[in-house]
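Just so it is clear: in the sequence shown, position 201 is 200 by numbering that gives the first Met the number 0, and no numbers are missing.
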Amino acid sequence: MGLHLFDTMSRQVRDVKTVEPGHVRIYTCGPTVYAFSHIGNFRTFVFEDVLRRWLDRRFDRVTHVMNLTDVDDKIICNATANGHSLDEEVKPWIDAFFNDRDILGIRPAHHYPRATEYIAQMLDIIGRLDERGLTYRADSSVYFRVGAFPKYGRLSGLHTEGLAAGASGRVDADEYDKDDVRDFALWKSVAPGEIGWDTPLGRGRPGWHIECSAMSMSLLGENIDIHCGGVDNIFPHHENEIAQSEGATGSTFVRLWCHAAHLRIGGEKMAKSLGNFSTVHDIVQSGQARPSALRYLLAAGAHYRKSLNYSDDALHMATEAVDRWVAFRDRVAEHHPAVIAPPDAKRVLERADAAFQRAMDDDLNLPEALGAVFQAVRTLNQLLDGNLVSDSVLGDIRSFIRDVDDVLGVLPLVDKERETPLDVEDARLLDERIAARASCDWAASDQLRNQLAKRGIVVDDTPQGQRWHRG
Ligand code: AMP
Ligand code: ZN
0 MGLHLFDTMS
10 RQVRDVKTVE
20 PGHVRIYTCG
30 PTVYAFSHIG
40 NFRTFVFEDV
50 LRRWLDRRFD
60 RVTHVMNLTD
70 VDDKIICNAT
80 ANGHSLDEEV
90 KPWIDAFFND
100 RDILGIRPAH
110 HYPRATEYIA
120 QMLDIIGRLD
130 ERGLTYRADS
140 SVYFRVGAFP
150 KYGRLSGLHT
160 EGLAAGASGR
170 VDADEYDKDD
180 VRDFALWKSV
190 APGEIGWDTP
200 LGRGRPGWHI
210 ECSAMSMSLL
220 GENIDIHCGG
230 VDNIFPHHEN
240 EIAQSEGATG
250 STFVRLWCHA
260 AHLRIGGEKM
270 AKSLGNFSTV
280 HDIVQSGQAR
290 PSALRYLLAA
300 GAHYRKSLNY
310 SDDALHMATE
320 AVDRWVAFRD
330 RVAEHHPAVI
340 APPDAKRVLE
350 RADAAFQRAM
360 DDDLNLPEAL
370 GAVFQAVRTL
380 NQLLDGNLVS
390 DSVLGDIRSF
400 IRDVDDVLGV
410 LPLVDKERET
420 PLDVEDARLL
430 DERIAARASC
440 DWAASDQLRN
450 QLAKRGIVVD
460 DTPQGQRWHR
470 G
């Protein structure tokens with residue numbers, strides 16, 4: 000059947016057909032590196048990881064690019080306030096992102112371009128847009144003229160006239176001089192002394208959207224197979240990327256657009272601006288969840304196009320599912336085969352494998368795929384209880400587990416958790432230190448830091464609270 004995905008542009012589930020046979024080129028919008036990404040961001044990144052893993056299975060070759068947005072208003076504001084260069088400002092947040100990525104077992108992209116490394120390519124696109132009459136200058140900034148691009152609005156289906164800010168909630172407060180409210184900045188002028196680049200367009204910095212057009216087309220070509228993000232990226236970000244890229248090249252920018260629905264908490268979208276977010280660190284350190292359970296919840300708690308509610312109950316169910324899966328893996332690893340066994344297990348396995356693949360190919364329905372897997376696990380457990388599984392079938396079960404977990408990705412996380420459990424005493428000292436700081440008892444907090452250091456645990460205090468790592 001081959002992989003089918005829901006395409007936001009055509010609003011249909013479509014066959015994934017690549018420009019180059021057997022080679023799929025995918026671009027996923029990455030984090031803005033001004034703070035820790037929250038687990039809402041990671042819902043999208045984990046969905047993209049599941050997609051990436053399934054593409055690795057279905058295609059001979061995958062090239063995956065995820066950008067890092069390392070210049071925007073907040074980053075500039077923080078860098079200026081902290082007396083940092085942009086580079087100094089973003090470095091810890093890029094490290095934190097890669098660290099969280101690894102904690103959740105996300106397969107690294109092939110390229111992580113940073114926006115600031117692609118200024119020349121952005122200027123090139125702006126030049127091409129200019130030649131086609133799609134730009135204008137106002138107050139030294141350069142804007143895209145949406146009225147001159149008739150295909151604008153096809154992705155989001157929005158009648159954008161009258162909209163001042165996008166669904167993402169990003170308001171460009173510095174874009175005063177637009178002819179039309181839908182127009183957006185390609186290049187924003189900055190005052191001398193402010194962070195920016197000296198270019199033929201004047202001293203300035205790029206608009207957010209042009210960054211992704213430049214990075215994606217530079218690394219993947221002008222016709223990309225799949226482009227992903229969270230649903231809040233549809234408008235204005237992806238709509239504007241299409242306008243810029245197709246405006247410059249005259250050909251289709253992306254063949255298939257995929258968007259993940261939001262992670263919600265208490266019924267509301269998890270968002271930095273709402274203050275209702277948690278980070279991977281918070282959750283793992285406080286012992287609320289193990290990385291394997293968090294990954295399971297984000298990957299399989301709901302189909303990626305349905306919003307997912309984050310709650311203690313949801314985490315609990317994910318933890319139980321991981322435990323069942325690991326117990327099955329361990330049991331199969333240790334099981335002694337029966338000398339003679341009926342062929343039932345083989346049939347159960349074949350059916351489960353077919354159902355798993357069918358559900359994954361059908362718009363990446365991991366929850367349904369795992370439903371088939373766990374149904375098979377129940378039956379196989381009964382056959383193992385009765386010692387009715389032969390040596391060759393045990394081998395088949397092991398490769399089935401490997402194939403499923405190649406997508407689910409929790410077993411390596413569980414193995415890592417087993418290697419380095421946080422000892423009870425360490426956890427107690429860390430909690431005591433959180434309490435000491437909450438009651439402004441700095442002497443106790445310092446003393447606990449020293450005690451932890453002696454035990455090989457290094458503690459840092461960040462704006463998001465206490466963090467630790469092994470020294
Ligand atoms: P940002 O760092 O704000 O550029 O966001 C990075 C990615 O996270 C984008 O693809 C967003 O669409 C996505 N995102 C933001 N909030 C959520 C959420 N609550 N649930 C799922 N994805 C989100
Ligand atoms: Zn983007």
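Note that CB positions come from ideal geometry on N, CA and C, so glycine has one too.
Burial is judged here by how many other beta carbons sit within 10 angstroms of a residue's own beta carbon; M0 has fewer than 16 and is exposed. Ranked by Cα distance from A242, the first of F143, A351, G195 and R263 is F143. Linking D405 to L393 through their CA atoms gives a straight-line distance of about 18 angstroms. Nearest to T248 by alpha-carbon distance, out of M216, R263 and L255, is M216. Three or more Cβ pairs closer than 8 angstroms define a contact, and the region 95 to 115 falls short of that threshold against the region 300 to 313.
For the ligand ZN, residues qualifying as neighbours are C28 and C211, where qualification means a beta carbon closer than 5 angstroms to at least one of its heavy atoms (chain order). A direct Cα-Cα distance of roughly 14 angstroms separates V388 from A375. Nearest to F399 by C-alpha distance, out of H3, F355, G464 and N98, is F355. With fewer than 16 neighbouring CB atoms inside 10 Å of its own CB, L273 falls in the exposed class. V64 and G266 have their C-alpha atoms roughly 32 angstroms apart. By the Cβ-count criterion, I264 is buried, with 16 or more other Cβ atoms from all chains shown falling within 10 Å of its own Cβ. Per DSSP, M8 lies in no beta strand (DSSP E) segment and is marked neither H nor E. For P290, the uninterrupted alpha helix (DSSP H) run begins and ends at P290 to A299, by DSSP. Beta-bridge analysis with DSSP links R263 to K268 and N308.
In the DSSP annotation of this structure, D361 is not part of any alpha helix (DSSP H), being labelled neither H nor E. Counting only the Cα atoms, S188 lies some 8 angstroms from D138. Shown here, Q243 sits in a helix according to DSSP, grouped into three states.
If the five residues before and after R57 are omitted, its C-beta is found closer than 6 angstroms to the C-beta atoms of L2, all from its own chain and listed in chain order. Annotation: the region 78 to 117 contains the following complete segments of the alpha helix (DSSP H) (minimum length 4 residues), in chain order: 85 to 102. Contact annotation, F96 with S140: C-beta distance approximately 30 angstroms; criterion of less than 8 angstroms not satisfied.
In the three-state reduction of the DSSP assignment, E349 falls in the helix class.
Inclusion of K268 in the 8 angstroms shell around the ligand AMP follows from its C-beta lying nearer than that to a non-hydrogen atom of the ligand. Residue pairing from DSSP places D459 in a beta bridge opposite R466. Looking at the DSSP output, F183 bridges to F143. Taking a contact as a CB-CB distance under 8 angstroms, the pair L122 and T198 counts as one, their CB atoms being some 6 angstroms apart. Look at H280 here: in three-state DSSP terms it is helix. With fewer than 16 neighbouring CB atoms inside 10 Å of its own CB, G156 falls in the exposed class. A distance below 9 angstroms separates the beta carbons of I225 and V253. Counted as a single uninterrupted DSSP element, the alpha helix (DSSP H) harbouring D405 occupies residues D390 to L407.
For D425, the enclosing alpha helix (DSSP H) covers residues V423 to A437. With contacts defined by Cβ atoms closer than 9 angstroms, L67 and A78 do not form a contacting pair. Checking the 8 angstroms criterion, the Cβ of T43 is within range of a heavy atom belonging to the ligand AMP. Straight through space, the alpha carbons of A320 and I125 are spaced by roughly 50 angstroms. The criterion of a C-beta distance shorter than 9 angstroms is not satisfied by L4 and L218.
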